[in-house]
Structures are given as structure tokens and as C-alpha cells.
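Before any comments, here is the structure.
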Amino acid sequence: MVTPDRIHVIFVHGLFSSAGVWKSFTELLAADEELRDRIDVQPFPYNSPRLRLRPDRRIADIDDIADRLGTWLRGNCSDGAPVVLVTHSQGGLIVQRLLARTLWRGRGHELARIQHIVMYACPHNGSGFFLYLRKMLMFLNHPQERALRPLSNRALLESQRTVLEKVVRPTGKSDTECSIPISAYGGQTDNVVPAVTATTPFPDGGVIEGDHFSIVQPQDKNAESYSVLRSVLWEIAAESPAAFAAEPEPEPESDPEPEPPLSITLPLMDGKLHGEERRRIISSVVSSAPGVHVLAGAGGSGKSRLALEIATQAADRGRRVWWVRVNQLSACMRAVARELGIPDSQADVAWKRRSQADLVWRFLNESPQPWLIVFDNADEPQRLGPGGGAVKDGTGWLRPPRGSNGLVVVTSRVLNQDVWGTWSQVREVPRLDERDGAALLIECAGAEAGTREQARHLSSQLGGLPLALRTAAKYIQSVRENKVSLGSTDIRDFQSYGRAWARNFASPAGIRGDGGTLLGLEKIVDEVCGISLRLLERTLPQAGPLLRAFACMNIAPIPYRRLLGGTATVQSPLWAEFTVAQRDEVITGLQDLGLIEPDRLRAGFLSLHPVVHAILRDDPDVHRRSADYYDLAVRMLLDAVHEQDPDYPESWPVWEPVMPHAIEVTRSVLRADGPTDARGVLDGALELARLTSRYLLVAGHLGLARELVSPIIDACDSFGSDPDDREILGLRHEKGRIFLEAGELPSAEAELRAVAARRKEIFDTLASLHKLARAILEQENRAPEAEEILRKVVHDERSVRGEEHADTMVVRHTLGRALLAQGRAAEAETHLREILAIRLRKWEPGTPETLHARETLARSLLEQEKVDEAVTVIDAARRDARQPDDSHPVMRLRYCAAYALLLQGRVDEAGALLTSLLADQRRVLGESHPEVRLTQTLLDRIRKDL
Numbered sequence: 003m004v005t006p007d008r009i010h011v012i013f014v015h016g017l018f019s020s021a022g023v024w025k026s027f028t029e030l031l032a033a034d035e036e037l038r039d040r041i042d043v044q045p046f047p048y049n050s051p052r053l054r055l056r057p058d059r060r061i062a063d064i065d066d067i068a069d070r071l072g073t074w075l076r077g078n079c080s081d082g083a084p085v086v087l088v089t090h091s092q093g094g095l096i097v098q099r100l101l102a103r104t105l106w107r108g109r110g111h112e113l114a115r116i117q118h119i120v121m122y123a124c125p126h127n128g129s130g131f132f133l134y135l136r137k138m139l140m141f142l143n144h145p146q147e148r149a150l151r152p153l154s155n156r157a158l159l160e161s162q163r164t165v166l167e168k169v170v171r172p173t174g175k176s177d178t179e180c181s182i183p184i185s186a187y188g189g190q191t192d193n194v195v196p197a198v199t200a201t202t203p204f205p206d207g208g209v210i211e212g213d214h215f216s217i218v219q220p221q222d223k224n225a226e227s228y229s230v231l232r233s234v235l236w237e238i239a240a241e242s243p244a245a246f247a248a249e250p251e252p253e254p255e256s257d258p259e260p261e262p263p264l265s266i267t268l269p270l271m272d273g274k275l276h277g278e279e280r281r282r283i284i285s286s287v288v289s290s291a292p293g294v295h296v297l298a299g300a301g302g303s304g305k306s307r308l309a310l311e312i313a314t315q316a317a318d319r320g321r322r323v324w325w326v327r328v329n330q331l332s333a334c335m336r337a338v339a340r341e342l343g344i345p346d347s348q349a350d351v352a353w354k355r356r357s358q359a360d361l362v363w364r365f366l367n368e369s370p371q372p373w374l375i376v377f378d379n380a381d382e383p384q385r386l387g388p389g390g391g392a393v394k395d396g397t398g399w400l401r402p403p404r405g406s407n408g409l410v411v412v413t414s415r416v417l418n419q420d421v422w423g424t425w426s427q428v429r430e431v432p433r434l435d436e437r438d439g440a441a442l443l444i445e446c447a448g449a450e451a452g453t454r455e456q457a458r459h460l461s462s463q464l465g466g467l468p469l470a471l472r473t474a475a476k477y478i479q480s481v482r483e484n485k486v487s488l489g490s491t492d493i494r495d496f497q498s499y500g501r502a503w504a505r506n507f508a509s510p511a512g513i514r515g516d517g518g519t520l521l522g523l524e525k526i527v528d529e530v531c532g533i534s535l536r537l538l539e540r541t542l543p544q545a546g547p548l549l550r551a552f553a554c555m556n557i558a559p560i561p562y563r564r565l566l567g568g569t570a571t572v573q574s575p576l577w578a579e580f581t582v583a584q585r586d587e588v589i590t591g592l593q594d595l596g597l598i599e600p601d602r603l604r605a606g607f608l609s610l611h612p613v614v615h616a617i618l619r620d621d622p623d624v625h626r627r628s629a630d631y632y633d634l635a636v637r638m639l640l641d642a643v644h645e646q647d648p649d650y651p652e653s654w655p656v657w658e659p660v661m662p663h664a665i666e667v668t669r670s671v672l673r674a675d676g677p678t679d680a681r682g683v684l685d686g687a688l689e690l691a692r693l694t695s696r697y698l699l700v701a702g703h704l705g706l707a708r709e710l711v712s713p714i715i716d717a718c719d720s721f722g723s724d725p726d727d728r729e730i731l732g733l734r735h736e737k738g739r740i741f742l743e744a745g746e747l748p749s750a751e752a753e754l755r756a757v758a759a760r761r762k763e764i765f766d767t768l769a770s771l772h773k774l775a776r777a778i779l780e781q782e783n784r785a786p787e788a789e790e791i792l793r794k795v796v797h798d799e800r801s802v803r804g805e806e807h808a809d810t811m812v813v814r815h816t817l818g819r820a821l822l823a824q825g826r827a828a829e830a831e832t833h834l835r836e837i838l839a840i841r842l843r844k845w846e847p848g849t850p851e852t853l854h855a856r857e858t859l860a861r862s863l864l865e866q867e868k869v870d871e872a873v874t875v876i877d878a879a880r881r882d883a884r885q886p887d888d889s890h891p892v893m894r895l896r897y898c899a900a901y902a903l904l905l906q907g908r909v910d911e912a913g914a915l916l917t918s919l920l921a922d923q924r925r926v927l928g929e930s931h932p933e934v935r936l937t938q939t940l941l942d943r944i945r946k947d948l
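The working numbering puts the sequence shown at residues 3 to 948.
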């Protein structure tokens with residue numbers, strides 16, 4: 003029976019799994035004498051079938067399951083007891099989606115009872131898998147599986163960002179955020195979801211023993227997967243049960259309606275203040291003890307608006323308030339001196355002797371009445387320091403107040419705590435979330451400008467930057483009132499503005515598309531980033547060009563440490579010099595001014611605010627020197643992937659974050675209206691495109707690979723290349739591989755044959771000839787033709803690369819398949835045993851290529867009716883395989899096993915095995931695949947004979 007002082011431990015299984023996967027965990031918890039009376043274990047049941055059997059039913063997608071989990075928790079865990087969620091694989095994505103959707107709906111209080119989330123083998127960035135498996139696993143219409151493909155589901159990526167920003171990083175709980183500890187664990191030998199994918203980007207967790215399946219099947223209480231969960235449960239159980247009660251739903255807080263400020267120096271209010279986090283900052287500052295509070299953030303983030311709200315509320319509470327504009331510092335402080343009652347004669351002497359700060363602060367500290375002074379726009383902090391020196395000394399215009407009456411608020415772009423001194427509290431001004439941004443848009447543009455959901459989407463596009471939101475809203479309002487016209491592309495609501503924004507900035511940096519404009523934001527360019535860049539470029543002139551080069555890339559997080567780790571920045575004509583020390587200073591300076599946002603969970607990554615990214619892509623200097631900027635971008639990306647072969651899984655963690663930027667830059671450079679005709683830049687971009695397409699192929703992104711490669715090849719003459727140039731031939735080779743992996747065999751043969759005939763370099767020729775032979779071999783009655791090509795390739799591979807080189811072994815295996823396809827089973831057997839003797843000595847027995855070679859050996863044995871030997875080979879290979887039963891290498895082994903059963907006269911067992919195999923093949927390979935037809939034919943024969 004569930005009691006309120008027990009912990010609900012809820013297990014959520016993964017793709018194609020069921021609640022039964024948690025049997026080992028539930029049995030161990032039930033046997034744990036210290037825990038079992040403190041917990042209630044319940045698996046959350048949901049269906050994850052491999053295929054849809056009834057046309058009147060659909061397979062639930064991730065959103066459906068996440069929403070049902072929320073309903074299920076409300077019904078099954080409604081007693082106020084704490085909840086711990088434990089997930090495997092896809093289950094982690096379901097829980098993240100639940101958290102994000104609940105917070106987006108403003109119902110964060112419903113998550114308050116969740117005390118911890120433990121995730122095992124969750125594919126946060128999708129499941130990469132081994133090369134062969136990624137090629138063959140194609141659940142084309144399965145909505146749950148699609149969410150597990152790398153980079154395939156934008157909704158899940160947005161959920162992850164929300165979870166990081168609103169669950170992992172916060173410390174409190176409200177309707178829009180809820181702090182919950184999340185521990186992410188990856189299996190040391192997991193090849194389905196590698197440990198680096200399972201543990202990134204969450205800071206808590208780590209790598210533990212096990213593969214993708216054994217990680218949730220602990221053998222005993224000492225297993226690492228059980229120990230980490232037990233530690234979490236024991237820590238929560240040790241807490242007071244009273245601490246587990248759900249937090250009450252907070253009372254809605256309305257925007258304050260301030261009266262006119264008492265001080266004539268305060269600016270006028272401009273609409274309501276939006277943002278729960280901002281209100282908390284205001285409340286904290288107004289009610290704080292005497293001290294200095296620095297409101298820091300990027301241009302346009304609303305620092306002054308926040309300070310004005312603080313000043314107004316302080317005035318309402320009886321404080322004397324002064325608003326000091328730092329660009330008129332001396333005159334403003336002289337006015338403060340007058341209001342403090344300092345005699346003019348005394349002030350005159352102090353100003354002449356340059357002791358005015360000491361004089362004014364003496365009167366401030368002696369004032370019997372509570373007071374607040376605001377230093378607005380202190381973007382050059384030294385102006386508040388002694389004689390233009392370091393402000394942290396506390397002896398200039400800015401210093402900590404003495405006594406109990408003084409408060410100081412500073413607004414600045416500078417976020418660096420070291421600049422302001424330990425006696426100042428720096429508070430970063432947060433962006434508006436989608437809900438608050440939508441409210442601001444609707445307030446400024448009117449309800450007729452669109453729905454709340456459309457306003458939320460536009461707020462997200464503009465990154466929640468208040469100045470940009472207000473500017474966009476006024477632009478929409480002006481267009482509706484016919485004060486602004488864009489001809490046939492009039493923008494009259496949130497949706498059309500958002501579409502125009504996306505359309506304009508889909509064009510490459512420095513190349514304005516659709517005759518577009520900055521959609522009204524040109525008015526705020528200086529405020530958002532121009533002022534900050536000019537301040538930084540006084541001492542670091544490299545800052546502006548580097549930031550503009552980053553803007554030429556994708557909006558995705560930028561792995562800046564890898565980009566800046568090579569020689570590209572040294573060789574760029576955008577600056578005279580750029581040393582390692584200067585790079586560090588530039589990054590720190592850009593961060594201090596809020597122009598870049600460091601990733602707090604991934605060291606070496608940064609992001610640009612969407613508005614900063616868009617503005618800088620349209621910067622006049624990028625238009626004027628686009629060739630130099632793209633040259634730098636191409637070279638930095640090539641530096642980042644230097645010696646990172648995309649064919650090898652150990653390189654994939656490097657390639658994954660580089661890939662979106664490589665696609666963006668190569669598409670921008672290699673086009674008819676590209677930014678440069680410099681041969682060096684074009685050739686570098688072509689090499690980057692070729693390497694990127696190879697990564698996309700091995701990662702299973704055939705669609706992205708095709709979208710990248712084909713337009714470049716088609717447009718090659720427009721940027722001065724010929725289809726037979728070696729660089730374009732390299733891309734055409736990858737295009738042939740795309741055809742081959744997609745099963746478009748005639749197209750693959752035609753493309754690869756043409757490429758092989760024109761390639762001159764021996765390495766390139768051998769690679770294309772091998773792929774050509776594969777395309778020929780897969781077609782009916784063409785094995786002799788393939789054999790002839792393969793024998794030549796094998797001979798050349800041995801001469802050039804060596805007998806035991808991986809490429810030589812792959813080609814030799816394909817030759818063995820060609821021998822078997824011609825009925826030469828004994829010859830094939832001898833050939834394959836030689837290959838496997840080397841493979842099993844040099845590589846793991848369960849790698850896809852080794853499994854494939856063992857399957858081919860088994861087939862050669864079956865052709866010779868050496869059934870027992872074949873069964874031995876098949877059974878050993880299946881034991882060594884770490885891939886699931888529906889992976890392509892294992893399905894081939896299953897077919898061989900069924901064929902062996904037939905030869906042994908075990909017809910019923912063979913029929914059952916073939917029936918289950920056929921279902922998997924149809925789902926994974928598709929009805930038209932030759933192997934599906936082969937299995938169907940054999941199964942039909944069995945059924946007919948029976």
C-alpha cells in the first residue's frame with residue numbers, strides 16, 4: 003500500500019521494450035531490507051511495438067507518451083510523496099519532453115515532487131551506432147524511432163535546452179522552472195548509445211559497467227547501475243518526509259502599477275515589466291541590505307528598465323532616488339551634491355581639487371534618510387573608478403555604502419565580477435522566456451497581431467531580447483497602419499514577421515536574400531552590439547572580425563576551442579596578428595560584454611544570441627570582405643576536424659558539433675552567387691564538403707548528405723570548377739555511395755563507373771572501383787563482372803596499402819561474396835577463412851564487417867552441406883554480436899540459421915524463425931529489398947511443402 007512517506011520509484015522503459023526490462027532492478031529493490039519499506043516501485047507502462055499491425059491504430063509518438071506519463075503520475079502518485087524517475091534509452095527522452103511541455107504550459111509546480119531523475123543510456127543527441135548498423139536500420143514510419151536518430155527531431159532538441167535552462171541550472175521552483183537533480187549514466191561498452199552521448203550534456207552521472215542492455219539488468223546489489231540508483235534513493239529516504247510535500251501553487255503575481263516617481267531624474271516608464279526572474283531580482287534588490295548591485299547583460303536586454311523598476315519601488319518605499327547617466331557623470335553628481343545640501347562653495351573646491359567623489363560619498367553615508375543611486379549605462383566601468391582607474395578599488399564614484407541607509411544600482415554590459423570587486427553583487431539580466439516574450443509582443447503590437455502561440459514562436463526566434471521584441475512589435479504595428487510598406491511582402495502579424503525573419507537570414511552572411519531588410523532591427527544595431535564591439539576593439543581589434551566570422555556559421559553552439567586551435571586565425575588577413583593570449587582575451591571580453599554566451603555544461607562551446615547572429619551576418623564589413631570572412635570560417639572548420647577521420651566512431655564526438663557549421667559554410671561558399679572566387683577558399687570548402695558528406699553517410703544521415711552534395715556538384719561550373727576536377731570527383735564518389743546505400747543500384751553504378759574512369763590518384767581510383775564492384779555485385783547475374791574488378795582492386799590494395807590493411811580486408815571480403823555468388827563455395831570458404839584469421843586477430847569479433855564475413859563463411863559451408871560447421875560459425879557469431887536481432891548483420895545470420903534448420907530437417911523451427919525474420923526485414927529493409935524477397939520465397943516453399 004502506498005503511504006505518503008514512501009518514495010515513488012517510477013521506471014520508464016525504452017524503444018521496442020516493456021516494463022519487464024526492469025525485472026532485475028525491481029527484484030533487487032524488493033530484497034533490499036534497508037530500502038524496501040521506504041519505497042513503492044511502479045513501472046510506467048506504454049506500448050512501443052516494432053510495427054503497426056492494425057491500420058485503425060497508430061503508434062504513439064514521444065509527445066503522446068510524455069503527456070500520458072504526466073496524467074499517469076497525477077493519478078498514481080497523488081499522495082504527496084516524493085517521486086524518483088528512472089529511465090532507460092528512449093525513456094529519458096520521454097521524461098525530458100514531459101518536463102519541457104509542463105514548464106512551457108506554466109505548470110512547473112506540478113513537477114515539485116520529483117526529487118531526482120536517473121537516466122541510463124539516454125540518446126540525448128540521437129543514437130549513432132556502428133557504421134553498418136546505421137546504414138541498414140531504417141524504421142521509416144516509426145514515430146518513436148525517428149526521435150532517436152541524431153539531429154532528427156527539433157522538438158526534442160528544444161526540450162533538452164529547456165531542461166538544461168529550466169531544470170538543471172535553476173535553484174528554485176516556480177511555474178516556469180523547477181530545479182531537479184538529473185543523473186545521466188552511459189554504459190562503458192554500449193555501442194547503441196555511446197557513453198559520451200548518454201552523459202552529455204548533463205553534469206551529474208558518468209560511465210558505468212555494461213552495454214546498452216545489461217546496464218539495466220544488474221546481476222546483484224554490487225552492480226554499478228544498481229549502486230548509483232540505491233545511493234540516490236537512500237539520500238532521499240534519509241530526508242524528512244515533510245520536505246517531500248509538493249510546493250503549493252504560487253499565487254499569480256501581477257505587474258506592479260507604479261505611481262509617478264518622486265525624483266524628477268527618473269526616466270518615464272515604458273509599458274509593463276515582464277518576466278518572473280526579473281521580478282525576483284527587483285524584489286531581492288529593493289529589500290536587500292545596503293550594498294552595490296550591478297545589473298549586467300547584453301545591449302537591449304532591459305537593464306535600464308529593470309533599474310527603473312527598482313528605483314520606482316524604492317521611491318515608493320520612501321527612499322530618496324537619483325538616476326545618474328554615466329555619460330554625464332560629473333554634471334549628474336553635481337546635481338546630487340546640491341540635493342544632498344552640499345554648499346556650492348564647498349563643492350566648487352572639491353571639484354577643482356578632484357576630491358568630489360570623497361565629498362559626495364561623505365554626505366551620502368551621513369544621510370539620515372534611506373537613499374538609492376542608479377549609475378546607468380556604465381559600459382566603461384573605469385569611468386566610475388578613481389581617476390579613471392580600477393573601479394574595484396572602491397575609492398571612485400562607485401564604492402560600497404557605509405551605514406544602513408544606502409543602496410547602489412549599476413547597469414552595464416560588463417558581466418565580469420572581477421571588474422566590479424568582491425563588494426559588488428553582479429546580477430545577469432535574464433532573457434524573457436517564450437511566455438513573457440509573447441506577452442510583451444501582444445502588449446506592444448496588439449492582440450490583432452496574432453495568436454499567443456504565434457507570439458511565443460516569434461519571441462523564441464528573437465531570443466527573448468526585450469529591445470528586439472519591442473522593435474519588432476512596433477514594426478508590425480506600423481505596417482498594419484500602412485506607415486511602412488514592403489510591397490508584395492507586407493508584414494502584418496507575428497507569423498508573417500517570423501517567416502520574413504527566417505527567410506532573410508537563411509541567405510549566406512554578407513549576401514542579402516529576397517531584397518530583405520533587418521525588419522526594423524537596423525534601428526537597434528548599435529544598441530545591441532555596436533557599442534559593445536567598439537568598446538572591446540579599442541584594446542582588442544580582433545574581437546569584431548572574430549565575432550563576425552562566428553556569425554557566418556550556423557546558429558548552433560560553436561566549438562570555439564577546436565576552431566581556434568589551429569593556424570587559421572594566424573593566417574587571416576582580417577587582423578595583423580592574433581596570438582594565443584589574445585584569443586583568450588577576446589573570448590573573455592566578448593563574454594564579459596554579453597556578446598557570446600558560454601555553454602555552462604560543455605567546456606569549449608559558445609553561442610551567439612539569435613539577434614546578434616542575424617545583425618552581424620548583415621554587417622557592412624561582412625558584405626565588403628565576405629571572401630576573407632568565409633576563408634577564415636572554412637580554415638577554422640578544417641582545423642577543427644584535422645586528423646579526425648569521419649569513418650571512425652572515435653572521431654564522431656568531434657564531428658557532431660562541427661557538422662552543422664560545416665554544412666552552413668560550404669553551402670554558402672559553393673553556390674552560383676557565392677561570396678568569393680578565390681581558388682584557395684573554394685578548394686578548401688570542397689574538401690570540407692567531402693569530409694562532411696562522409697560523416698553524414700556513416701552517421702546515417704543520407705538525406706542531409708544528398709542535400710549537401712548534389713547542389714554543389716550541379717552548380718560547380720558557376721564557381722569555376724568542372725565535373726571532372728579531382729575535388730568534384732571526390733564529391734561525385736560520395737554521391738555514388740549515397741545511391742549505393744539508398745539501394746539505387748543503377749544510379750550508383752553509373753556514377754561510380756564514371757568517377758572511376760576519370761580519377762587519376764591510385765587511392766581514389768581503388769575506392770571508387772570497390773564501390774562500383776559492390777553496386778554491380780548486388781545486381782542479378784553480374785557476379786563475374788564484379789569479380790574481375792575486385793581481383794584487380796585486391797591486387798592493387800595489397801601493393802599500395804598492405805595485406806592486412808582494413809581497406810584490403812573489406813575488398814577481399816567482397817571478392818569472397820562474388821565467388822559465392824557464382825557457386826564456387828569451396829573456393830569462397832578457403833578465401834573467407836584466410837580473411838577471418840586476420841580479422842579475428844586484429845579486430846573485435848563482433849564488429850559489423852567481421853560479423854558479415856562470418857555470415858558469408860557460414861553461407862559457403864551451407865552451400866557445401868557442411869551444416870554442423872555452419873551452425874558452429876553462426877552460433878559463435880550471434881553470441882559475439884552486440885547489435886540487436888533486427889540489425890542487418892544479425893538478420894543475415896538469422897537467415898543462415900533458418901536455412902541450417904531446414905537442412906537438418908527441423909522444418910517447423912525453420913518456419914517460425916523465418917516468419918519472425920521476415921517481419922523484421924520488412925520493417926527495416928522495406929518490401930522491395932532482395933533479402934526480403936529471398937526470405938519470402940523460402941517461407942512460401944516451406945508452407946507449400948507442409
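Note that beta-carbon positions come from the ideal geometry of N, C-alpha and C, so glycine has one too. Predicted, not measured: the structure shown is a model, and the values here were computed from it.
Counting along the chain, the unbroken alpha helix (DSSP H) around residue 754 starts and ends at 747–760. Around residue 108, the same chain offers 177, 178, 437 as residues with beta carbons nearer than 7 Å, after the five sequence neighbours per side are excluded. According to the DSSP secondary-structure assignment, residue 180 is paired through a beta bridge with 175. With respect to residue 595, residue 307 sits apart: the two C-beta atoms are not nearer than 8 Å.
Taken in chain order, the whole beta strand (DSSP E) runs of length 3 or more contained in the segment 397–449 are 408–414, 426–430. For residue 530, the closest C-alpha among the options 10, 67, 751, 381 is that of 381.
As summarised for the segment 822–889, the continuous alpha helix (DSSP H) elements at least 4 residues long and confined to that stretch are 827–844, 850–865, 869–882, given in chain order. Per the coordinates, the alpha-carbon of residue 213 lies some 20 Å from the alpha-carbon of residue 206.
Under the three-state reduction of DSSP output, residue 188 falls in the strand class.
Leaving aside the five residues that flank residue 736 on each side, the residues in its chain whose CB is nearer than 8 Å to its CB run, in chain order, 692, 695, 696, 699, 707, 711. Within its own chain, the residues whose Cβ lies closer than 7 Å to the Cβ of residue 170, once the five positions on either side in sequence are excluded, are 184, 204, listed in chain order. With contacts defined as CB atoms closer than 8 Å, residue 875 and residue 905 fail to qualify as a contacting pair. Inter-residue distance for residue 721 and residue 631 is about 18 Å (C-alpha atoms, whole angstroms).
Contact between the segment 639–654 and the segment 534–545 is absent, with fewer than three C-beta pairs closer than 8 Å.
Looking only at 280, 562, 744, the smallest Cα-Cα distance to residue 605 is reached by 562. Looking only at 30, 39, 13, 32, the smallest Cα-Cα distance to residue 47 is reached by 13.
From the listed residues 762, 772, 27, 745, the smallest Cα separation to residue 754 is found for 772. Here residue 812 has 851 as same chain residues with Cβ atoms under 7 Å from its own Cβ, once five neighbours each way along the sequence are excluded. Under the rule that a run must span 4 or more residues, the alpha helix (DSSP H) segments found entirely inside the segment 30–111 read 64–78, 92–106. Note that the segment 96–108 does not touch the segment 208–222; fewer than 3 beta-carbon pairs, one per stretch, sit closer than 8 Å. In this structure the segment 842–858 touches the segment 879–888; the number of beta carbon pairs closer than 8 Å is three or more.
Residue range 116–122 is occupied by the beta strand (DSSP E) that includes residue 121. When the beta-carbon positions are compared, residue 376 and residue 411 come within less than 8 Å of each other.
Each residue's CA atom was taken as its position, placing residue 9 and residue 165 some 23 Å apart. According to the DSSP secondary-structure assignment, residue 375 is paired through a beta bridge with 324, 410.
An exposed status is given to residue 583, since fewer than 16 other beta-carbon atoms sit within 10 Å of its beta-carbon. One thing to note: residue 423 has its Cβ within 8 Å of the Cβ of residue 396. Taking residue 608 as reference, the option from 626, 588, 624 with the minimal CA-CA separation is 588.
Cβ contact annotation for residue 785 (same chain, cutoff 7 Å, sequence separation greater than five): 779, 820, 823, 824, in chain order. Taking the Cα positions, residue 670 is about 8 Å away from residue 511.
Put simply, the segment 553–560 does not touch the segment 569–581. Fewer than three CB pairs are less than 8 Å apart. Taking the C-beta atoms as reference points, residue 429 is found no nearer than 8 Å to residue 309. In the DSSP annotation of this structure, residue 594 is not part of any beta strand (DSSP E); the continuous alpha helix (DSSP H) holding it starts and ends at 582–594. In this structure, residue 443 keeps its C-beta atom at 8 Å or more from the C-beta atom of residue 385.
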